[in-house]
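Everything below concerns the one structure shown next.
Residue numbers (my numbering): 328 to 641.
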């Protein structure tokens with residue numbers, strides 16, 4: 328069976344157009360990157376509801392905050408490293424503090440930005456947004472999940488950060504029986520008894536691949552997609568950890584402050600469990616093709632498989 332690959336940023340752009348009529352108060356703002364963030368599709372379909380703010384993320388955020396006070400649903404877009412870092416102060420004080428209904432779309436997250444290198448590879452964006460009171464943080468696994476995640480973000484009343492990638496990645500969630508995206512809820516992709524693998528973003532497909540290899544090695548892995556990193560589905564995390572007794576987290580982000588940290592915090596309070604965090608280990612990324620970088624950091628199925636086997640001592 329052929330594996331369909333599409334970038335999550337493509338899902339973001341398509342979702343904005345798809346849900347435009349259902350959310351007539353939605354307006355989209357971009358920082359001179361509409362072609363890359365894929366908001367250009369919305370601009371073409373609804374030019375009267377689109378604002379290009381130029382290379383000025385901080386100004387864009389202030390404009391969005393003002394629009395939100397009038398009842399609009401502003402969606403602001405830029406590369407994740409700029410969407411969260413360049414205008415962190417504005418997000419903190421003009422959006423999160425007054426709890427305004429602004430949605431933030433950060434594209435080109437993680438090492439799969441590729442050749443643009445460390446300056447453009449956001450590996451701390453989840454940590455930055457997760458630390459803000461009242462901020463919801465979503466990291467879709469693939470194109471299909473991006474479509475429904477954007478709708479959930481628009482339905483939610485309050486600030487939301489949505490994380491998307493540049494590279495085409497396997498579309499897997501549309502093939503999962505009974506799959507349904509729900510804000511604040513994780514989803515069990517495969518039940519298991521030996522180890523719980525909590526994955527987010529592009530690592531979900533890698534975890535699914537790894538589970539097949541682990542099965543051949545006699546390891547029964549439970550695979551869970553954590554698309555909403557905040558609020559975390561603590562009940563699901565704790566119950567799975569208690570069942571397997573061993574936990575691995577997997578994310579295309581620093582191991583500091585992201586999914587791994589969120590899971591460790593929950594487990595330390597409710598169900599102390601041994602955890603290994605797959606992610607970038609306290610360093611900046613580097614330039615290279617997306618495929619080469621995925622292999623370097625162990626973000627493919629083989630890498631996750633090898634890490635889990637080593638962690639379990641098998």
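Don't be surprised by glycine CBs; every beta carbon is placed ideally from N, CA and C.
Note that the structure is a prediction, hence the values are computed from the model and not measured.
Whole angstroms are fine: how far does the CA of residue 487 sit from the CA of residue 424?
13 Å
Which same chain residues, not among the five before or five after residue 328, have their C-beta less than 6 Å away from its C-beta?
Low local confidence applies: a pLDDT of 49 at residue 328 is under 50, so the model's placement there is unreliable, with the coordinate-based value given in what follows. Cβ neighbours of residue 328 beyond the five flanking positions: none.
Notebook entry, point to check: Is the CB-CB distance between residue 342 and residue 465 below 8 Å?
Noted result: no
How would you label residue 439, buried or exposed, when you count the other beta carbons within 10 angstroms and need 16 or more for buried? buried
query = So what does DSSP say about residue 393, is it helix, strand or coil?
reply = helix
Worksheet entry | Option nearest residue 636 by Cα separation, candidates 542, 624, 595, 597 | 542
Beta-ladder partner(s) of residue 398, from DSSP
According to DSSP, which records beta bridges pairwise, residue 398 is partnered with nothing at all.
Item to complete: Just the C-alpha distance for residue 525 and residue 493, rounded to the nearest angstrom, thanks.
Response: 22 Å
Same chain only: Cβ atoms within 7 Å of residue 495, ignoring 5 sequence neighbours per side: 332, 333, 334
Can you tell me whether residue 610 is helix, strand or coil according to DSSP? coil
(Q) Considering just the uninterrupted stretch of the beta strand (DSSP E) at residue 433, what are its terminal residues? (A) 430–434
Count the other CB atoms, across all protein chains shown, that sit within 10 Å of the CB of residue 640; report buried if there are 16 or more and exposed otherwise.
exposed
Pick from 373, 617, 632, 595 that is closest to residue 605, judged by C-alpha positions: 632
Exercise. Is residue 571 buried or exposed, if buried means 16 or more other CB atoms sit within 10 Å of its CB?
Worked result: buried
Check the C-beta distance from residue 391 over to residue 403 and give it rounded, since I have them as a contact under 8 Å. 5 Å
Point to revise | Alpha-carbon to alpha-carbon, residue 431 and residue 359 | key: 15 Å
Near residue 560, what residues of its chain come up, given a Cβ to Cβ distance below 8 Å and the 5 sequence neighbours on each side ignored? 511, 512, 513, 553
Proximity of residue 462 and residue 411 at Cβ, strictly below 8 Å: no
- Message: To the nearest angstrom, how far is the alpha carbon of residue 638 from that of residue 618?
- Response: 24 Å
Next item on the list: In angstroms with no decimal places, state the Cα-to-Cα distance between residue 350 and residue 595.
Entry: 40 Å
Q.
Quick check: what's the CA-CA separation for residue 276 versus residue 369?
A. Examination of residue 276 is not possible in this model, given that the chain is present from 328 through 641 alone.
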